[in-house]
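Protein chains in written order, with our numbering: chain E, 1 to 320; chain U, 321 to 802; chain C, 803 to 1301; chain A, 1302 to 1403.
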């Protein structure tokens, strides 16, 4: 074992151990606020792990979505929860200490420990030579229209999954709106600082989003990461107290939200009517079409994520 | 036109059309009702055309993106999926018609896109042959189901929806962990490819157990049923109909698929254990249904019981038992939806669904009570209903394979079912005091419930045709009936 | 589809379709409802007559539909089914007339007549069922369609009676189902055939299993046939309106049970095979016990309809008794009693209904002198009661004669004692009523009721009991004429026992 | 890379830790966190094993699947949080009744 390998092994072990500790700490933290911060730290550490296992695309997605957006969503929810739940104690009520509760917890813990041990043994028992689909992807990459394998899988080989996934995102927003949405976020006192920050950051974010989108065809990046960054820009604006003009929150907003899924579905419908396989790209135009789809998807993902954060209900009446 | 009909892939239409419908309903909320009705009809045309094609030309696979497994995703259209899709289409149409009258304007615009999403995701799920794609479809289905449950807006509904969401997520994650192990053990997520590669190794059984637990959670198999009664009882009636009639069947369908396609051999300890859980579900669901004070809760517990029946097919392990289970899925889909729709009419009319006060309502809604009772015939498994055919096949399988105790369970279940159905129906005939103030129920809502109920009963009379259809492309595993 | 296929279906449809239409009729459209009811009943009668003629000329009426890949739904007309079909269609017509008169001005008549028609459809289906699964279908349909009739009045007592009825019949149905499914796993066919389908098959060598199945089937059928101890629902079901009780006791429910027992013993197991299995003798014992027990119980009922109910329990078991004694003569007695008991009992129930409807008399103790007010009704009642006791030449005498001689022929002399004891008991619970009605001085509140009409009650209530009483007389007097029930029973027995 | 299965083991651990928290803690926010931790665990298992072959590019298919999974997770988390707030608004607490049955 050479030195580099040893160092990396130690690094990985520390990362792994850190992940477990952070997760446990985040979940067991008596204060929810601290729990959320620890969870964000956990997500950041996850992205380190992703880099270590050669998954830079995932690392980018994890930073933008797992750590950034999820963290923001959690914190926003916590601050809103504060409004409806006056006493801090009831919210962070210490867990029950009765005999029954303790027995129940220790039983659960031992059962899950057994499951964990079993899983560990199974993972160690997995065949070391299973090849997965790496070779197939590599073989078909030229025909996919893009040179980044992950993008090829996401938009072409398994583009159907991605279509459904875009719809999950839209459905979540529909769900939030169907709950009646939430009242507007109270503008934070630090608004001026945020405002200045936002004015500097927004262009940077937009630029990075565009870069990620463009890079996605041949390098780590793509619609989801780009969309997430775009969404982050929206979140930042919202935090800084920016309001979207009412006339853009009706039909315009809806059109932005459905742009990605609609284009995807229009493509699907075209292939159906043309008697082709569902979502079959014409080989020579695959690259262009994927870029088009990605642009639309990025817009929709960004808008949807931002709208999920704002979580205000749709303004139907003004919108129509 | 005919050339178009021949080349169009109707299976893909079943996914794409409702999705487009959902998005259109979202973009133009004012026209949502018409768009949804149009979509429902389009789906019906698609399923009819698909049925004709499959009956004539047999089962087929559809390589999405023209890549084919293992690289791409494949859709599989065979008798099993066809039967599930058809049931979804029939129940879906009834729910669509019903909902056009049920929801008030403000809720209505939120309901339609969610409902079409649910319908599309169910279709996607029934068509998929890819276990990761099934995960995405499961998430879509679960999320749509939860959002629809929460639509009722009451404290009960929101709490139930939250619990349902957590269970649903837990279920899909557990399933996904199983998928991860399968992928790494056998290098594919396509069922047909896996069928050729899977061996009976510890890794496979661990992966399958994980997938099984995840799916059993979503199917509400005893003892994972705790989330179902509050959710199904507090959701809006047409949503309850979809949840009990279709959504829980989706996860069971995946289970059936996995069992048929990739699980290498039967292990009787495991299957007997499933049978015991099923029997426990029958008894527990039956007892709780008898104790229920509210109509929708009673119907929800009845669902738990009927889910128990399905799991008896595992230990019975002969083809006839699987045919019976699938027949039960179908007839239960129709009958249970009819029951929930009928209960919805009562709730709509009276503002409550307390069983002991039903007599005052029954007089005003004889058709809805009739729908409940007729659907009850199928739930009880009396001839000539679809439920009877299912019970017949399963009891026959039990006696033929010498496992009479499962036959006893089935019969016991029927007795429970009779007891709780008549607990409700009895009130239809009692003399009531002056009825409450009540709201008139639109005729379409009453007819939708009755039509489904009658369909559930008449389904028993076309059994040879359905039984032949359900095995197109794949004979059910297990010994044939000697 | 030719005539021989269509006719059984038409006979079903003649009550099914009017029934379904009636459900959707508004309460107020009395004329349409009455017209539909009578049209259905008369049509059915005519169709049955056509079919009877056809069967005599050797036409094979059969309608078939595939239910499961290896099972058909079969409707078929053989001599036995024709006997039951004729009985039900004749009595349905009379009961319909009676019910129209009886329910004048009461609520929910559309619902009532709808279920009434479905109930007859189910009975006719039971009669024409050509195999066990078809039988099961209509048998369960009968359960479901009679329940609404029993609880029709909507009182608490009615609800409880309905619940009790369901407990017995649904449980019975479940046992029957298990028995039938079990048989289907052992035999290739479930079709009724003279001599049964068991003898000579491979599965016939499993007597233990077959005995268990026999017990399941008889228990399932015995609920409706009210074999003791499965009879508990019947006296409670008396809360139903009189025409329902009449139909239940004479044609529909109890008779379906008894008819099923005949089918199982003769056309499923085959009488010889069943006798060799050793299952007939226990059945005889149960029937005998039922006859005696129920007769004793009837003695102590003051409620007229309850007394009649216990009498039914007792009399229906004559059928079981007759067919389970292995021997052609007794069998003739059992089968002919299907018709005779129906005629006698329906006459009695019509009369009881008249007393209740016209004079509000429900108790035996209020009947003193009532014959002076309602001579025609009580005349019919007296004929029915004498028939039950077995006074020659009425219907009951014929049955009892064949049963008695059959018992001697089958070398079971003790059964004659049972019959005698039963007749004495019959007399003991019927004669006091007859005596009180004709010879005692009137007393009771009913005397205050004004006699406003020319007739003692509405003609629609009077005609059916008179007609049935006449039939009771006629089938007894004309027992040896061709086409009499007795001759049919002989014909049926011939096919079962062979020439 | 000898260290690769390590993260799969960590993933299994995360799954179990998350599941424990999901079962034991009553507060909905904590449950939502727990679900996210479980998700991360599953993704780790899915990705890590894709990288076992030495000297070859990692299998991109699991990576694409994980990105799909991460997006699904954020979407459901967002919805779950709003649902939690609505439950809290209606019932006064962000918890589910009779926790022990869960």
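All C-beta atoms in this analysis are idealised placements derived from N, C-alpha and C, irrespective of residue type, glycine included.
Same chain, Cβ closer than 8 Å to residue i, neighbours up to 5 away in sequence not counted
| i | result |
| --- | --- |
| residue 170 of chain E | 257, 258, 261, 300 and 304 |
| residue 675 of chain U | 612, 613, 614, 615, 618, 743, 744 and 747 |
| residue 1161 of chain C | 1172, 1175, 1176, 1248 and 1251 |
| residue 236 of chain E | 194, 197, 198, 201, 202 and 205 |
| residue 36 of chain E | 26, 71, 74, 75 and 78 |
Limits of the unbroken alpha helix (DSSP H) element including residue i
| i | result |
| --- | --- |
| residue 398 of chain U | No alpha helix (DSSP H) holds residue 398 of chain U; DSSP gives it neither H nor E. |
| residue 1277 of chain C | 1261-1279 |
| residue 380 of chain U | No alpha helix (DSSP H) contains residue 380 of chain U, which is instead part of the beta strand (DSSP E) from 380-383. |
| residue 1030 of chain C | Residue 1030 of chain C -> no alpha helix (DSSP H), and no H or E assigned at all. |
| residue 884 of chain C | 881-904 |
| residue 581 of chain U | 568-581 |
| residue 426 of chain U | 425-447 |
| residue 231 of chain E | 223-239 |
Chain C contact for residue i (CB, 8 Å cutoff)
| i | result |
| --- | --- |
| residue 403 of chain U | no |
Any chain U beta carbon closer than 8 Å to residue i
| i | result |
| --- | --- |
| residue 268 of chain E | yes |
| residue 1340 of chain A | yes |
| residue 1311 of chain A | no |
| residue 1343 of chain A | yes |
C-beta atoms of residue i and residue j nearer than 8 Å
| i | j | result |
| --- | --- | --- |
| residue 1329 of chain A | residue 1395 of chain A | yes |
| residue 1227 of chain C | residue 1123 of chain C | no |
| residue 1318 of chain A | residue 24 of chain E | yes |
| residue 650 of chain U | residue 669 of chain U | no |
| residue 930 of chain C | residue 879 of chain C | yes |
| residue 157 of chain E | residue 391 of chain U | yes |
| residue 165 of chain E | residue 1375 of chain A | no |
| residue 1182 of chain C | residue 1271 of chain C | yes |
| residue 857 of chain C | residue 887 of chain C | no |
| residue 1032 of chain C | residue 1025 of chain C | yes |
| residue 179 of chain E | residue 551 of chain U | no |
Short CB-CB distance (under 8 Å) between residue i and chain A
| i | result |
| --- | --- |
| residue 165 of chain E | yes |
| residue 2 of chain E | no |
| residue 317 of chain E | Any reading at residue 317 of chain E needs caution, since the residue's pLDDT is 39, under 50, leaving its predicted position unreliable; the model's value is listed next. Output row for residue 317 of chain E: interface = no. |
Any C-beta of chain E under 8 Å from that of residue i
| i | result |
| --- | --- |
| residue 698 of chain U | no |
Nonlocal neighbours in the same chain, by C-beta distance under 6 Å from residue i, ignoring five residues either side
| i | result |
| --- | --- |
| residue 867 of chain C | 875 |
| residue 195 of chain E | 240 |
| residue 1092 of chain C | 1029, 1030 and 1119 |
| residue 984 of chain C | 1015 |
Sequence-distant residues of the same chain with beta carbon closer than 7 Å to residue i, five excluded per side
| i | result |
| --- | --- |
| residue 627 of chain U | 539, 540, 541, 568 and 601 |
| residue 1009 of chain C | 1079 |
Endpoints, the beta strand (DSSP E) within which residue i is located
| i | result |
| --- | --- |
| residue 641 of chain U | Run containing residue 641 of chain U: none in the beta strand (DSSP E); it sits in the alpha helix (DSSP H), 639-670. |
| residue 864 of chain C | 864-870 |
| residue 1257 of chain C | Residue 1257 of chain C -> no beta strand (DSSP E), and no H or E assigned at all. |
| residue 876 of chain C | 873-878 |
**OP:** Give the residues from the region 513-545 of chain U that approach chain E closer than 7 Å (Cβ to any Cβ), ordered along the chain.
**Re:** 522, 523 and 526
Original post:
Which residues, taken in chain order from the region 720-733 of chain U, show a beta carbon closer than 7 Å to some beta carbon of chain C?
Top reply: 720, 727 and 731
Original post:
Taking a cut of 7 Å between CB atoms, which residues from the region 377-394 of chain U lie near chain E?
Top reply: 382, 383, 384, 385, 386, 387, 390, 391, 392 and 393
Subject >> Near-chain U residues of the region 1379-1393 of chain A - C-beta to any C-beta below 8 Å >> reply: 1380, 1381, 1384, 1385, 1387, 1388, 1391 and 1392
Original post:
At a Cβ cut of 9 Å, what residues of the region 41-54 of chain E count as close to chain A, listed as they run along the chain?
Top reply: 42, 43, 46, 49, 50, 52, 53 and 54
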